[in-house]
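Chains as they are written, first to last, in UniProt numbering: chain A, 1 to 183; chain B, 1 to 183; chain C, 1 to 183; chain D, 1 to 183.
Number of protein chains: 4
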Amino acid sequence: MPKIINNLRSKISRAAYQLFSEKGYSAVSMKIVAEETGIAVGTLYNYYTNKEELFIKVIEEKIKNHKKIFDKYLQKEELDLEMFITHLYDEINKSKGVIDEVIKKNINSKEKKIVTRLRSDLLEIVDQILIQFKEKKGIKKGAKAERKRGVYALLIMILILDRRFPGEREKNISYLLKMANLI
Amino acid sequence: MPKIINNLRSKISRAAYQLFSEKGYSAVSMKIVAEETGIAVGTLYNYYTNKEELFIKVIEEKIKNHKKIFDKYLQKEELDLEMFITHLYDEINKSKGVIDEVIKKNINSKEKKIVTRLRSDLLEIVDQILIQFKEKKGIKKGAKAERKRGVYALLIMILILDRRFPGEREKNISYLLKMANLI
Amino acid sequence: MPKIINNLRSKISRAAYQLFSEKGYSAVSMKIVAEETGIAVGTLYNYYTNKEELFIKVIEEKIKNHKKIFDKYLQKEELDLEMFITHLYDEINKSKGVIDEVIKKNINSKEKKIVTRLRSDLLEIVDQILIQFKEKKGIKKGAKAERKRGVYALLIMILILDRRFPGEREKNISYLLKMANLI
Amino acid sequence: MPKIINNLRSKISRAAYQLFSEKGYSAVSMKIVAEETGIAVGTLYNYYTNKEELFIKVIEEKIKNHKKIFDKYLQKEELDLEMFITHLYDEINKSKGVIDEVIKKNINSKEKKIVTRLRSDLLEIVDQILIQFKEKKGIKKGAKAERKRGVYALLIMILILDRRFPGEREKNISYLLKMANLI
DNA sequence: AATGAATGAGGCTTCATTCAT
DNA sequence: AATGAATGAAGCCTCATTCAT
């Protein structure tokens with residue numbers, strides 16, 4: 001007794017994202033995703049080939065989203081570092097759980113490549129924003145490789161601090177600002 | 001045809017630790033742990049109530065071990081920050097896989113408490129070492145809460161950088177030194 | 001956006017027959033049949049109650065078709081045994097995959113009866129043709145039951161030899177001729 | 001609550017063989033095999049890697065068995081063709097259902113090779129017995145390829161006739177004798 | 001105390017079938 | 001009459017755990 005459901009793909013995506021964030025890849029069953037979405041298990045497979053694809057697509061979407069948001073900063077005249085970091089902090093923490101999984105390696109190599117590329121895109125954008133900021137302040141930019149490490153550390157630390165010290169948003173951001181200045 | 005085995009508990013612990021480090025909690029089966037230890041699956045259950053307890057106990061031991069090692073720094077006359085960070089880096093990276101799992105939360109709350117306590121112990125010790133170092137240099141120590149955040153960030157970043165930039169130990173350490181100075 | 005399709009029933013039948021022949025009953029999904037026919041899955045169920053009925057009806061049609069073709073031999077003045085066997089060989093091998101399934105018994109008893117009847121029809125016709133041939137040659141016909149066995153063996157062997165020795169049509173036919181003479 | 005079971009491997013094999021014979025590969029579920037054996041599903045997997053291996057091993061065993069039995073005929077002084085065909089008939093019909101599957105192609109290529117080899121072995125042996133028989137009677141043996149076709153036809157027909165005319169063992173055998181003489 | 005075969009719940013996935021549009 | 005998304009039972013397989021030996 002099928003019922004037509006609107007925007008099911010995005011409903012599934014939302015539920016899956018939520019669950020993966022909370023529990024991590026292997027602790028989430030397709031059954032749970034289906035239940036949380038309010039559909040039958042089989043229906044999931046009309047939208048995603050398998051569990052892994054579901055996971056990858058969920059991440060893909062999230063990171064694309066981040067990228068889009070931060071791209072806007074590159075066009076801005078004024079750039080306030082604190083405001084940017086704050087924004088970064090809030091945005092990234094919307095998807096914290098999923099990103100955990102990206103850091104982990106229990107994804108097979110084909111998917112890993114996709115994830116790696118997505119991550120690179122995101123790092124690149126943050127790097128460019130920070131460079132632009134330094135140029136405005138007249139600060140010399142460091143070596144590319146070192147910046148990369150610094151940006152990476154910054155993004156990861158956003159996730160980690162928010163999880164570990166969830167009630168201390170301001171203090172976390174203030175620490176992250178110091179980290180941003182190391183770059 | 002049972003065989004008596006000495007120090008079986010520590011043998012299991014070693015094998016399990018190795019495996020959890022490499023593959024993560026859910027990718028390790030009790031069968032593999034038994035095989036790697038060279039015993040039967042049933043025997044595992046004479047030493048650990050279940051898989052989760054095995055995991056927790058393994059972590060417990062490792063962190064206790066770290067603690068012991070770093071405790072020695074507190075008695076030392078001379079304290080070279082770079083040397084300490086280097087040591088920290090190498091020690092922690094020996095158990096990176098396991099610690100990943102600790103960061104994740106797919107452990108139930110009872111066990112989580114234990115892990116939390118263990119982690120606090122480790123943080124505490126590193127904090128004290130850093131304080132001691134600052135005192136020797138005549139630098140004023142910051143607020144407890146802020147130090148805690150910094151130390152935590154430092155430890156996590158050790159794991160993360162080593163995984164992401166595995167061939168760049170020196171550069172990683174050099175970045176971590178800068179982070180340590182933020183504390 | 002429904003579209004009206006002419007002769008859909010026969011289009012489905014053709015596609016299904018092709019697929020069942022190639023892959024066998026259980027390896028063919030209703031989805032594939034629909035795709036191959038160029039229609040939606042649901043439409044299949046407007047023409048056939050379920051998968052099993054589709055299968056049965058497809059066979060039914062094929063065997064009827066054989067029957068029709070061989071019926072013509074009964075009216076012929078001249079009858080060359082070799083030519084007949086050759087024709088039989090080629091005709092039957094067009095539907096080999098489906099007939100495999102008929103030989104197997106994973107069909108429930110109701111359908112089995114239908115298939116049995118269809119098969120009997122076909123056997124009957126070949127029997128009559130062979131009798132007619134013998135009469136012309138002045139050879140005495142054997143007992144009904146024995147002829148039945150022989151004809152059955154002949155038909156089955158056509159399928160089997162063509163599959164096992166697919167490149168050896170002439171030699172297969174020559175062997176089958178010998179079998180036909182046993183009848 | 002495990003209970004130790006003796007000769008479980010052969011018990012599984014027997015049950016599986018029976019079921020595959022009756023229903024064919026895809027209509028037999030691992031659950032049914034387990035139930036019929038009187039064990040849990042998981043236990044099956046302690047003895048066979050997967051369903052396909054179970055199937056292959058069951059066949060393997062049966063054909064090996066046939067081979068062993070017929071090997072004895074090669075040493076015999078006296079050889080009565082009728083007796084041999086009768087024996088062949090009875091032996092082969094013990095495993096009829098499974099052999100069906102060997103004829104079908106729904107096995108992947110790796111396993112198919114094994115099955116093909118096993119079948120060749122069996123054909124070879126029957127061929128040699130028939131040659132030996134002919135030599136004793138002073139009959140010239142035909143070309144290898146033609147004998148192969150004839151022996152294959154003989155074996156298949158044993159299966160087919162017994163299934164189609166199950167109550168007519170003697171008449172089936174008598175027909176098969178005629179087929180054997182064609183070789 | 002050690003063994004490892006047996007257990008069975010639970011995970012992923014497929015697919016015949018239904019029915020709102 | 002046609003559509004195809006939704007359904008959910010059922011299949012294969014894994015693995016933590018138990019317990020007779």
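Cβ atoms here follow ideal geometry from the backbone N, Cα and C, with glycine treated the same way.
Keep in mind it's a predicted model, so treat the numbers as computed, not measured.
Ser13(A) is classed as buried because its beta carbon has at least 16 other beta carbons within 10 Å across all chains shown. Between Ile92(C) and Leu155(C), the CB-CB gap stays under 8 Å.
Take the alpha-carbon of Ile160(A) and the one of Val33(B): they are about 30 Å apart. Note on geometry: alpha-carbon atoms of Leu44(B) and Glu61(B) lie some 17 Å from one another. Scanning its chain for C-beta atoms nearer than 7 Å, with the 5 sequence neighbours on each side dropped, one finds around Leu19(C) the residues Val28, Ile32, Val33, Glu36, in chain order. Cβ neighbours of Phe165(D) within its own chain (closer than 8 Å, five residues either side excluded): Lys171, Asn172. Lys94(A): not part of any alpha helix (DSSP H); DSSP gives it neither H nor E. Taking the CA atoms as reference points, Gly42(D) sits about 35 Å from Asp90(D). With its beta carbon at least 8 Å from every one in chain B, Ile114(A) lies outside the interface.
Close CB contacts of Ile85(D) within its chain, under the 7 Å cut and outside five residues either way in sequence, are with Ile173, Leu176, Leu177, Ala180 (chain order).
Between Phe133(B) and chain A, the shortest Cβ-Cβ separation is not below 8 Å. Taking a beta-carbon distance threshold of 8 Å, Ser26(A) counts as an interface residue toward chain B.
Cβ-Cβ separation between Phe70(D) and Val126(D): approximately 7 Å, consistent with a contact (criterion under 8 Å).
In the three-state scheme derived from DSSP, where H, G and I count as helix and E and B as strand, Glu78(A) is classed as coil.
A residue is called buried when at least 16 other Cβ atoms come within 10 angstroms of its Cβ; Lys72(D) does not meet this threshold and is exposed.
About 6 Å separates the Cβ atoms of Lys67(D) and Asp121(D), confirming a contact at the 8 Å cut-off. In the three-state reduction of the DSSP assignment, Thr49(B) falls in the coil class.
In this structure Ile39(B) is buried. Its beta-carbon is surrounded by 16 or more other beta-carbon atoms within 10 angstroms. Around Phe70(A), no beta-carbon contact reaches into chain B at under 7 Å, the shortest distance being about 20 Å. With respect to the 8 Å criterion, Ile129(C) and Leu182(C) are not classified as neighbours on the basis of their beta carbons. When C-beta distances to chain B are compared with 9 Å, the residues of the stretch 152-165 of chain A below that value are Tyr152, Ala153, Ile156, Met157, Ile160, Leu161, Arg163, Arg164, Phe165, in chain order. For Ser29(C), no alpha helix (DSSP H) run applies, since DSSP gives it neither H nor E. The beta carbon of Ala15(D) is closer than 8 Å to those of Val33, Glu36, Thr37 in its chain, skipping five residues each way along the sequence. The criterion of a C-beta distance shorter than 8 Å is satisfied by Lys141(B) and Lys134(B). Counting only the Cα atoms, Val115(C) lies some 28 Å from Arg169(C). The three-state reading of DSSP puts Asn6(A) in coil, since its state is none of H, G, I, E or B. In terms of beta-carbon proximity, Lys171(C) lines the interface with chain D, with at least one pair separated by less than 8 Å.
Interface residue (Cβ-Cβ distance to chain D less than 8 Å): Gly167(C) is not classified as such. Under the Cβ distance rule, Lys140(A) does not count among the residues neighbouring chain B, no pair being separated by less than 8 Å.
Think of a sphere of 8 Å around the beta carbon of Arg147(C): no beta carbon from chain D falls inside it, the nearest being about 11 Å out. In the structure shown, Ala34(A) falls within a helical segment according to DSSP collapsed to helix, strand and coil.
The straight-line gap separating the alpha-carbon atoms of Lys64(D) and Met157(D) is approximately 20 Å. For Lys144(B), the uninterrupted alpha helix (DSSP H) segment begins and ends at 144-164. Within chain D, Tyr175 have C-beta atoms less than 8 Å from the C-beta of Gly150(C), given in sequence order. Nearest to Glu52(A) by C-alpha distance, out of Leu8(A), Leu79(A), Gly24(A), Gly167(A), is Gly24(A).
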